[in-house]
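As given, the protein sequences belong to chains A and B, one line each in that order.
Numbers 1 to 312, taken from our numbering, label the letters of the first sequence in order.
Numbers 1001 to 1327, taken from our numbering, label the letters of the second sequence in order.
Okay, so here's the structure we're looking at.
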Amino acid sequence: MAIPTDPLLVAASEAGEDVPPGVEELEVGGRGRLVLRRFLRRRLAVVGLVVLVVLFAFAFVGPFLSPWDHTSKDFAAFLEPPSSRHWFGTTQIGQDVYAQTLRGLQKSLVIGLLTAFVSTGIAAVVGACAGYFGGWPDRVLMWVVDLLLVLPAFLVIAVLSPTFRGRSWLLFVVLLAGFSWMITARVVRGLALGLREREFVQAARFMGVPSMVIVFRHLLPNMASILIIDATLNVGGAILAETGLSYFGFGVQPPDVSLGTLIANGTRSALTFPWLFLFSGGLLVLTVLAVSFVGDGLRDALDPNAAAARAR
Amino acid sequence: MVRFLLRRFVGYLVLVLIATCLGYLLAASSLDPRSNFEGRNPPPPPESVDRVLSDLNINDKTPVLERFATWMGGVVRGDFGRTIGGEPVLDEMGRRIGVSLRLLLLASILGGALGVLVGVVGAVKQYRFSDHATTLFSFVTLATPVFLLAVLLKLGALQLNRAAGTTILYYTGEATPGLQGSWWQLAVDRVQHLVLPTLAIVLAQAAFYSRYQRNAMLDVLGSDFLRTAQAKGLRRRQALLKHGLRTALIPMATFFAYQFGLLLTGATFVEKIFGWHGMGEWFVDAVNGNDVNVVAAVTVFAAALVLVAGMLADLAHAALDPRVRIR
Chain A
1 MAIPTDPLLV AASEAGEDVP PGVEELEVGG RGRLVLRRFL RRRLAVVGLV
51 VLVVLFAFAF VGPFLSPWDH TSKDFAAFLE PPSSRHWFGT TQIGQDVYAQ
101 TLRGLQKSLV IGLLTAFVST GIAAVVGACA GYFGGWPDRV LMWVVDLLLV
151 LPAFLVIAVL SPTFRGRSWL LFVVLLAGFS WMITARVVRG LALGLREREF
201 VQAARFMGVP SMVIVFRHLL PNMASILIID ATLNVGGAIL AETGLSYFGF
251 GVQPPDVSLG TLIANGTRSA LTFPWLFLFS GGLLVLTVLA VSFVGDGLRD
301 ALDPNAAAAR AR
Chain B
1001 MVRFLLRRFV GYLVLVLIAT CLGYLLAASS LDPRSNFEGR NPPPPPESVD
1051 RVLSDLNIND KTPVLERFAT WMGGVVRGDF GRTIGGEPVL DEMGRRIGVS
1101 LRLLLLASIL GGALGVLVGV VGAVKQYRFS DHATTLFSFV TLATPVFLLA
1151 VLLKLGALQL NRAAGTTILY YTGEATPGLQ GSWWQLAVDR VQHLVLPTLA
1201 IVLAQAAFYS RYQRNAMLDV LGSDFLRTAQ AKGLRRRQAL LKHGLRTALI
1251 PMATFFAYQF GLLLTGATFV EKIFGWHGMG EWFVDAVNGN DVNVVAAVTV
1301 FAAALVLVAG MLADLAHAAL DPRVRIR
């Protein structure tokens, strides 16, 4: 399915022909402004975006507001409930839960964003190549996709976790991304199959443009909306996958923390000391929820013909 | 029809076989059973460690492919090797598959049915209060990881028990150990243990399915054939059930297959948190304990789940969509 020309956009640019330049800027903003207007119309999406920005600011500025560090210990306060001294309380060994939670939030946000970006990138390249080239490259790539879908990503990354223990968390990001691109790749392949027959792609091919250049210059930019939407929605999934693996100790390794390890540590005594996990748990749900609202809003704004846009 | 299913079955079987092989090779090359023995105090002599590891076919000094060949030879004869403790994997696996299936089968059927129901009602009553409420609920549930959901359910049960002054819901294990009584008391005890873990899976599943079902149903609601059915004189309810729901269920069969294969992942959290000794818990413990043969056995189980789910989805697809049957 190709992205159709926007009727509103066409109407706007046709109407803008004989309007004086100053007024034109106000009335005809091009696609970017149209998308922005559509996005702003969705209240939940705007709320989600604001919440995300606030969370990011909180995660990176918040630690400077408190005297405690995520590794420092207060030996005068063990397992204290939230107070003016320790805003989110303290753990069994006197760590400040506020500092730890923010540190975990930082890690989870960064890992989520990076993973989503990388996985959508892989999906775009693999899917577009499979769809454009067809034939045996298509068959091989789609077979790899099927194979990776049969192996649950969680199991594979958990089994591989001993190999990246003690190494950089970036390796963890690569693994997470490497096992989460398959479904998007199938969607992208479907789009590429449709675009391949379009005139501009045919023209480029007969002019002798190399295939890889066609993929990157003509196919991928034409699916930009889908890719942006997908990357946004993947952020939530990536954060959930990361926290899930970290929960069992298969992800982010101590002394570093993520929301997953914090919740894991907190839930051991959740029944009596709820502040140990309520803040990290609440922030996790809030983050994923905000991301999914933004993703939905983007889908409605960028792709008005998507089934989901009509559905919600 | 039979040819279609047969071809799909062979396709799945090849994928599952390769996935199983990859699973074993990954586990064998990534886990380090030797470290279990080297950490002991006093350290056992290296020769005896080597002997034990070779005996279990997990010695890292044997080439991976050679270990793989030995393992595969055993699997073909129905022998999955032994755990690092020396017990046969197969005995333990049989017991644990039973535990996992008791939890997963009921929960996934309930979750699927509830999700479809909620999705259909949401689509038919679009933009009413009930639709907004279920949409919000499913968004929040989808944003909550299973492990958090499970702990919150545990907290809720604790409050409930406190308010009732007696234990209504248990949150550890599958049954009260050593409980004596009539079969009725034993059954009630099991149900009391089953409610919370099942609820944790059902909620997550229902939230997932209801989103897709709602979209699929909305697509169908606007279609011409549904209007035709009503124009021919069918009541709205009949048209919706006979022509609408049936069409809207077709894409769900595929989602069901993918989701059932992933159920084991969700089960690890639920089993671990509620103390059920099933496959998921076993897997986590085995990775932490460098138990290669157990990890490989769980991978086989996961792949088998995908195979079964894929076949079920194809059967459902064929039952719902006559076009598939003709091919």
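Even for Gly, the Cβ is constructed at its ideal location relative to N, Cα and C.
> So is Ala231(A) in contact with chain B if we call contact Cβ pairs under 8 Å?
Replying inline: If you number the first sequence from 1, residue 231(A) lands on position 231. Judged by the 8 Å Cβ criterion, Ala231(A) is not in contact with chain B.
>> Please tell me whether Phe273(A) and Leu65(A) are closer than 8 Å, where the distance is taken between their beta carbons.
In response: Along the first sequence, read from residue 1 onward, the residue named residue 273(A) stands at position 273. Along the first sequence, read from residue 1 onward, the residue named residue 65(A) stands at position 65. Cβ distance not < 8 Å, so Phe273(A) and Leu65(A) don't count as in contact.
> Taking just the CA atoms, how far does Thr261(A) sit from Val252(A)?
Replying inline: Numbered from 1 along the first sequence, position 252 holds the residue referred to as residue 252(A). Numbered from 1 along the first sequence, position 261 holds the residue referred to as residue 261(A). When rounded, the distance between both Cα atoms is 8 Å.
>> Can you determine whether any heavy atom of the ligand ATP sits closer than 7 Å to the C-beta of Val1284(B), and answer yes or no?
In response: Of the ligands one can find in the structure shown there are none, so the ligand ATP has no counterpart to examine.
> Looking at the structure shown, is Thr1172(B) part of a helix, part of a strand, or coil, going by DSSP?
Replying inline: Taking the second sequence and counting its residues from 1, one reaches residue 1172(B) at position 172. Looking at Thr1172(B) - three-state DSSP - the assignment turns out to be coil, as it is neither helix nor strand.
> Which whole-angstrom value describes the C-beta separation of Ala192(A) and Leu219(A), a residue pair presumed to lie in contact below a C-beta threshold of 8 Å?
Replying inline: Position 192 of the first sequence holds residue 192(A). Position 219 of the first sequence holds residue 219(A). 5 Å between Cβ atoms; contact.
> Is the distance from the Cβ of Ala330(A) to the Cβ of Leu52(A) below 8 Å?
Replying inline: Nothing can be reported for residue 330(A): it is not among the residues displayed for chain A, which extend from 1 to 312.
> Can you tell which of Thr1254(B), Arg1040(B), Arg1034(B) and Ile1168(B) has its C-alpha closest to the C-alpha of Asp1050(B)?
Replying inline: Looking up residue 1050(B) in the second sequence gives position 50. It is Arg1034(B) whose Cα lies nearest to the Cα of Asp1050(B).
> Mapping DSSP to helix, strand and coil, what is Lys107(A)?
Replying inline: Counted from its first residue, the first sequence places residue 107(A) at position 107. DSSP, reduced to helix, strand and coil, places Lys107(A) within a helical segment of the structure shown.
>> Please return the same chain residues whose Cβ sits closer than 8 Å to the Cβ of Leu1186(B), not counting the five positions on each side in sequence.
In response: Taking the second sequence and counting its residues from 1, the one referred to as residue 1186(B) is at position 186. So the qualifying residues of the chain are Ala1175 and Leu1179.
> Is Asp1321(B) helix, strand or coil when you go by DSSP?
Replying inline: Walking along the second sequence from the start, residue 1321(B) turns up at place 321. Here Asp1321(B) carries a coil assignment [DSSP, helix/strand/coil].
>> Among Ser108(A), Leu102(A), Lys73(A) and Arg85(A), whose alpha-carbon lies nearest the alpha-carbon of Thr91(A)?
In response: As a first step, residue 91(A) is located in the first sequence; it is residue number 91 there, counting from the start. Comparing Cα positions, the closest option is Lys73(A).
>> Can you confirm whether Val1300(B), when its beta carbon is compared against all beta carbons of chain A, has any partner nearer than 8 Å?
In response: Taking the first residue of the second sequence as 1, we reach residue 1300(B) at position 300. It does not: the Cβ of Val1300(B) has no partner Cβ on chain A nearer than 8 Å.
> How long is the line joining the alpha carbons of Thr991(B) and Ala158(A), rounded to whole angstroms?
Replying inline: Residue coverage of chain B in this structure runs from 1001 to 1327, which leaves residue 991(B) outside it and unanswerable.
> I think Phe1080(B) touches Tyr1024(B), with their Cβ atoms under 8 Å apart; what is that distance to the nearest whole Å?
Replying inline: Position 80 of the second sequence, counted from the first residue, corresponds to residue 1080(B). Position 24 of the second sequence, counted from the first residue, corresponds to residue 1024(B). Rounded to whole angstroms, the Cβ separation of Phe1080(B) and Tyr1024(B) is 10 Å, and the two are not in contact under 8 Å.
> The alpha helix (DSSP H) spanning Pro82(A) covers which residue range?
Replying inline: What you label residue 82(A) is simply residue 82 of the first sequence in a count that begins at 1. Unbroken run through Pro82(A): none, as it is neither H nor E.
>> Is there a C-beta anywhere in chain C that falls below 8 Å from the one on Gly281(A)?
In response: Structure shown: chain C not included; protein chains present are A and B.
>> Considering only the alpha carbon of each residue, which of Val1075(B), Val1124(B), Thr1020(B) and Met1001(B) lies closest to Leu1226(B)?
In response: Locating residue 1226(B) in the second sequence gives position 226, counting from the first residue. The shortest C-alpha to C-alpha distance from Leu1226(B) to any of Val1075(B), Val1124(B), Thr1020(B) and Met1001(B) is the one to Val1124(B).
>> Quick check: is the beta carbon of Ser1030(B) nearer than 8 Å to any beta carbon in chain A?
In response: Counted from its first residue, the second sequence places residue 1030(B) at position 30. The beta carbon of Ser1030(B) falls within 8 Å of a beta carbon belonging to chain A, placing the residue at that interface.
> Just how far apart, CA to CA, sit Glu25(A) and Arg33(A)?
Replying inline: Here residue 25(A) corresponds to residue number 25 of the first sequence, with the count starting at 1. Here residue 33(A) corresponds to residue number 33 of the first sequence, with the count starting at 1. With a pLDDT of only 48 at Glu25(A), under the threshold of 50, the placement of this residue in the model should not be trusted; the figure read from the coordinates follows. Using only the alpha carbons, I get a separation of about 11 Å.
> So, is Gly1261(B) buried or exposed, given that buried needs 16 or more other C-beta atoms within 10 angstroms?
Replying inline: As a position in the second sequence, residue 1261(B) is number 261, starting the count at 1. That one is buried.
> Where do the ends of the alpha helix (DSSP H) carrying Leu36(A) lie?
Replying inline: Indexing the first sequence from 1 puts residue 36(A) at position 36. In this chain, the alpha helix (DSSP H) harbouring Leu36(A) covers Gly30 to Arg41.
>> Output needed in chain order: residues of the segment 285–299 of chain A with a Cβ under 7 Å from some Cβ in chain B.
In response: Under the 7 Å Cβ criterion, the segment 285–299 of chain A contributes Val285, Val288, Leu289 and Ser292.
> Is the distance from the Cβ of Phe1147(B) to the Cβ of Gly104(A) below 8 Å?
Replying inline: If you number the second sequence from 1, residue 1147(B) lands on position 147. If you number the first sequence from 1, residue 104(A) lands on position 104. In terms of Cβ geometry, Phe1147(B) and Gly104(A) do not form a close pair [threshold 8 Å].
> Which chain B residues are close to Thr101(A), counting only those with a beta carbon under 8 Å from its beta carbon?
Replying inline: Mapped onto the first sequence, residue 101(A) falls at position 101. Neighbours of Thr101(A) in chain B, taken as residues at a C-beta separation under 8 Å, are lacking, since the least C-beta distance is about 14 Å.
> Rounded to the nearest angstrom, how far is the Cβ of Val1016(B) from that of Leu1315(B), given a contact under 8 Å?
Replying inline: Along the second sequence, one-based indexing puts residue 1016(B) at 16. Along the second sequence, one-based indexing puts residue 1315(B) at 315. With 8 Å as the limit, Val1016(B) and Leu1315(B) do not qualify as a contact, their Cβ atoms being about 17 Å apart.
>> Threshold first: 3 residues or longer. Then list the beta strand (DSSP E) segments lying entirely within the segment 243–280 of chain A, N to C.
In response: DSSP assignment within the segment 243–280 of chain A yields no whole beta strand (DSSP E) run of 3 residues or more.
> Closest to Ala76(A) by CA distance: which of Ile93(A), Ala116(A) and Thr115(A) is it?
Replying inline: By one-based count along the first sequence, residue 76(A) stands at place 76. Among Ile93(A), Ala116(A) and Thr115(A), the Cα nearest to that of Ala76(A) belongs to Ile93(A).
>> Would Pro187(A) and Ile226(A) be called neighbours here (beta carbons separated by less than 8 Å)?
In response: If you number the first sequence from 1, residue 187(A) lands on position 187. If you number the first sequence from 1, residue 226(A) lands on position 226. Looking at the sequence itself, residue 187(A) is Val, so the reference to Pro does not match. Going by C-beta atoms, Val187(A) is nearer than 8 Å to Ile226(A).
> Of all the alpha helix (DSSP H) runs that stay within the bounds of the segment 93–171 of chain A, which reach a length of 4 or more residues?
Replying inline: For the segment 93–171 of chain A, the full-length alpha helix (DSSP H) segments reaching 4 residues or more read 97–133, 135–150 and 153–164 along the chain.
> Val1099(B) to Ala231(A), Cα distance in whole Å?
Replying inline: For the purposes of this step, residue 1099(B) is taken as the residue at position 99 of the second sequence. For the purposes of this step, residue 231(A) is taken as the residue at position 231 of the first sequence. Roughly 38 Å between the two C-alpha positions.
> Fully enclosed by the segment 1191–1265 of chain B, which alpha helix (DSSP H) runs are 4 residues long or longer?
Replying inline: DSSP runs (the alpha helix (DSSP H)) wholly in the segment 1191–1265 of chain B: 1224–1231 and 1236–1239.
> So with Cβ pairs under 8 Å, would you call Ser161(A) a contact of chain B?
Replying inline: Position 161 of the first sequence, counted from the start, is the residue given in the question as residue 161(A). The C-beta of Ser161(A) comes closer than 8 Å to at least one C-beta of chain B.
> Does DSSP put Pro1046(B) in a helix, a strand or coil?
Replying inline: Within the second sequence, numbered from 1, the residue matching residue 1046(B) stands at position 46. Pro1046(B) carries a helical assignment under DSSP once its states are collapsed to helix, strand and coil.
> Rounded to a whole number of angstroms, what is the C-alpha to C-alpha distance between Pro152(A) and Arg205(A)?
Replying inline: Stepping through the first sequence from its first residue, residue 152(A) is reached at position 152. Stepping through the first sequence from its first residue, residue 205(A) is reached at position 205. Pro152(A) and Arg205(A): Cα-Cα distance of roughly 39 Å.
> Along chain B, in chain order, which residues have C-beta atoms closer than 8 Å to that of Val51(A)?
Replying inline: Numbered from 1 along the first sequence, position 51 holds the residue referred to as residue 51(A). Ordered by position in chain B, no residue passes the 8 Å Cβ test against Val51(A), which lies about 12 Å from the chain.
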